[in-house]
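Report on the structure given below.
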Amino acid sequence: MEKRATFGSWWIGIAFAVPQVILIFTFFYWPAGEAIYWSLTLQQPWGGGNIWVGLDNFRQILDDPIYWASVLRSVVFAVASTGLAMGGALILAVFVDRECTGSRLYRVVLIWPYGIAAPALGLAFRFLMAPEAGFLAFLNQIAPGLWDPGLNGTDAMIEIIVAFSWKYVGYDFIFFLSALQAIPRAQIEAAALDGAGWLRRLRDIQLPLLTPTVFFLLVIDLTESFQDSFGIVDIMTAGGPARATELMVYKIYFDGFRGFDYSGAAAQSIILMVLIMLLTVLQFRFIERRVHYK
Amino acid sequence: MAEISLRHVAKSYGRTPVVHAIDLEVAAGEFIVILGPSGCGKSTLLRMIAGLEAITAGEIAIGGRVVNDLEPRERGCAMVFQNYALYPHMTVADNIGYALKVAGVAKAERLARIEKVADALGLRDLLGRRPAQLSGGQRQRVAMGRAMIREPAVFLFDEPLSNLDAELRVRMRVEIRKLHDRLGATSIFVTHDQVEAMTLADRIVVLHGGRVEQIGTPYAIYHQPASHFVAGFIGSPAMNRLDGRVGPAATVVFADGTTIAVPDLDLPEGQAVTLGIRPEDLRVGSEAPEDGIRHRLAIDFVEHLGPAALVHGRFAGHDFVASVPRHIAFTVVEGLTFTMPVETMHLFDSTTGRRIGIDAARE
Ligand SMILES: Nc1ncnc2c1ncn2[C@@H]1O[C@H](COP(=O)(O)OP(=O)(O)OP(=O)(O)O)[C@@H](O)[C@H]1O
Ligand SMILES: [Mg+2]
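Listed in order, the protein sequences are those of chains A and B.
Position 85, counted from 1, in the first sequence is what this note's numbering calls 85; the numbers after and before it change by one each time, with no gaps.
To convert a position in the second sequence, counted from 1, into this note's numbering, add 1000.
What follows is the structure, encoded as structure tokens:
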């Protein structure tokens, strides 16, 4: 039985779709097409003609060890920040789930970081993490020079990873908490009667039932860490020191708008786009075939 | 095997009391059924015994040991939940064997015991399946298996049969009672189905609004209901209850002027009482004795059940039901003649709802 709302004449449906189509076209397909075109040509920084070079730009990038270093950095960043965000969120969610008084408040409070614009977040963390006066300044009192993200690349990387995962802890928390609360109480009670203590119940009953959520958040967090990290990197480290925090997305901006290598930057953004599209496809495939036990 | 005692056990959620100071002594090996209407606190009481719900006041002892502050796993109870609460990500075998796994029983022994339980419940061929791949009755059996495998001292059942169809329900009822007798465990079984309660129980605890109305054998509960509520709740069709007042010379008088003699009635005149009599205790039609006090029931409608017919009508200003065996003839136009045998009458105080012992005086 077909019970969908249908439109009387074909053009009404199209008329409704037009604004959306125009938006998508203007802000996605057009620039994306332009980027593909640029990535296949040599673009003059000051305008005036361009030369078709085929896949030369891609070859050049993929031969460049500096590019591969930024890929590696992005992967480290993605894995570390996703792990940190999900781990932290899971721990918080488990505790809130166990003792639910005020859990509404936690939910509201913990979603806020997700709503903060990355540059504002970056700025706040830059102050918090400042080596001379921030939270970690005491480290330098114990051993001078121990914490200095301005000079030490590892410190800088830690800094942006912490800032980024702070933003996603709240987001992941919401999903984990609702997934935990969706597990029927009786199942957990049955396990308690079967003799399992709370850690054991967590391991045997709750975590297995969370796998769909874990997988979902894994894909979301990884995807976001590739694209949403720009603002934090730009404000906190600007890719430094000595490229130590130059992630893929930041390198595109830097090469393009600071190095005026439009073609190289375009090729890089195509690569990043393909990567994110792959992650998204994975996510959709997964959502369709979601691990259901029912 | 373990005895259970509840002493003044009470529970409130915030300021709302849901269970009021309950006292109950369950002997080792006894089968107790907690019976009551929806929302009367049956599950809450059971969950307090299991340790899933903290108690607000009082004391619970299992096997002579006060368990108030013990975790559920330290109390030695196994429970079958109403919706079974099987672990959806585990196979039937893993579901049944989970308690043994947690207890650290070696794998070989675990498998042997799982198979033994599965055989007893006819689950042998289903051990590799997930709960989602089972029928309701099969799930129910898995839930039973999960409780059985631990050979617990105490079995708790929270309406385990309410999701099954009528036929399966009767079969599982018998199975549960057999299981209880075989294992010699102490069982507490919660239900709102009086037939289940009557057939399973050694003793029934009738709960109403978080209070115990009566504790007794099915026979006592049926034949000597301790209160107006129990009288109406046990028995189908329900007992006829007629509100009236004590009249002169051992009678009860009703608003429409009907007077019924209750020999040995010794109460102040004018006291509000409720006279109760079961539809099947009436002597009707040709079986109504000639020398008795004969009444007439004006018939509104008749339900034919097969072995008997339920005749609905008005008597003494109340709706009234009589059960008429199928060999007794009657017509709707003429109405039904009946007598009320004195020994089957029940009398309750209308204000407190408690039973007044006319039969105690007779015995
Ligand atoms: N967490 C809770 N907070 C507040 N009130 C509750 C809570 N749980 C139960 N109650 C109340 O306690 C009373 C008893 O509930 P309980 O679940 O024991 O009823 P029950 O006799 O098992 O009913 P049913 O036959 O419907 O299962 C109900 O009135 C219910 O509303
Ligand atoms: Mg209940």
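Every residue, glycine too, gets a C-beta built ideally from N, C-alpha and C.
These numbers were taken from a predicted model, which means no experiment stands behind them.
- In this structure, A:T26 has its beta carbon at no less than 6 Å from each heavy atom of ligand 1.
- Contact of A:P184 with chain B by beta-carbon distance below 7 Å involves A1085.
- For A:D194, at least one C-beta of chain B is nearer than 7 Å to its own C-beta.
- It is roughly 15 Å from the alpha-carbon of A:G134 to the alpha-carbon of A:L121.
- Taking 8 Å as the upper bound for CB-CB distance, A:F127 and A:A163 are not in contact here, some 11 Å apart.
- The stretch 161-176 of chain A and the stretch 53-64 of chain A do not touch, with fewer than 3 CB-CB distances between them shorter than 8 Å.
- The beta-carbon separation of B:I1299 and B:G1313, rounded to 5 Å, stays under the 8 Å limit for a contact.
- Nearest neighbour of B:R1113 by Cα position, chosen from B:R1150, B:T1339, B:D1319, B:H1304, turns out to be B:R1150.
- A Cβ-Cβ contact shorter than 7 Å links B:G1029 with B:G1184.
- With a beta-carbon spacing of about 5 Å, B:V1246 and B:E1269 fall inside the 8 Å limit used to define contacts.
- Counting only heavy atoms of ligand 2, the residues whose C-beta sits closer than 7 Å to one of them are, along the chain, B:K1042, B:S1043, B:Q1082, B:D1158, B:E1159, B:V1190.
- Proximity to B:H1020 across B:R1326, B:I1032, B:R1007 peaks at B:R1007, based on C-alpha coordinates.
- The shortest C-alpha to C-alpha distance from A:D228 to any of A:Y37, A:K167, A:R243, A:F27 is the one to A:K167.
- Listed along the chain, the chain B residues whose CB falls inside 9 Å of the CB of A:L209 are Y1087, P1088, H1089.
- Pairing B:R1203 with B:V1080, the inter-Cα distance amounts to about 20 Å.
- Not one heavy atom of ligand 1 is found less than 6 Å from the C-beta of B:S1162.
- CA-CA distance, B:H1295 to B:A1120, rounds to 56 Å.
- One Cα belongs to B:V1142, the other to B:L1282, and the distance between them is close to 46 Å.
- For A:N140, the three-state secondary structure derived from DSSP is helix.
- Beta-bridge partners assigned by DSSP to B:M1079: B:L1156.
- Across the set A:Y253, A:Q44, A:R59, A:A238, the C-alpha of A:A238 shows the shortest separation from the C-alpha of A:G153.
- With respect to B:V1066, B:E1074 sits apart: the two C-beta atoms are not nearer than 7 Å.
- Residue contact check for A:A190 against chain B: a CB pair falls below 7 Å.
- Within a 10 Å sphere around the beta-carbon of B:R1146 sit 16 or more other beta-carbons, which makes this residue buried.
- Residues of the stretch 1036-1070 of chain B with a Cβ closer than 7 Å to any Cβ of chain A, in chain order: A1050, L1052.
- A:L92 and A:A179 have their alpha carbons spaced roughly 13 Å apart.
- Closest option to B:A1322, judged by alpha-carbon separation, among B:V1252, B:A1329, B:F1338: B:F1338.
- Residue burial annotation: B:F1348 is buried, with at least 16 other C-beta atoms found within 10 angstroms of its C-beta.
- Here A:N50 carries a strand assignment [DSSP, helix/strand/coil].
- With fewer than 16 other CB atoms across the displayed protein chains lying within 10 angstroms of its CB, A:Y29 is exposed.
- In this structure, DSSP gives A:T154 a helical state, which the three-state scheme calls helix.
- Within 9 Å of the CB of A:R200, the CB atoms of chain B belong to V1102, in sequence order along the chain.
- Note: B:Q1214 is bridge-paired with B:V1206 in the DSSP secondary-structure output.
- CA-to-CA, the gap between B:I1356 and B:S1227 works out to about 9 Å.
- Secondary structure note for B:D1243: its beta strand (DSSP E) is the uninterrupted segment 1240-1247.
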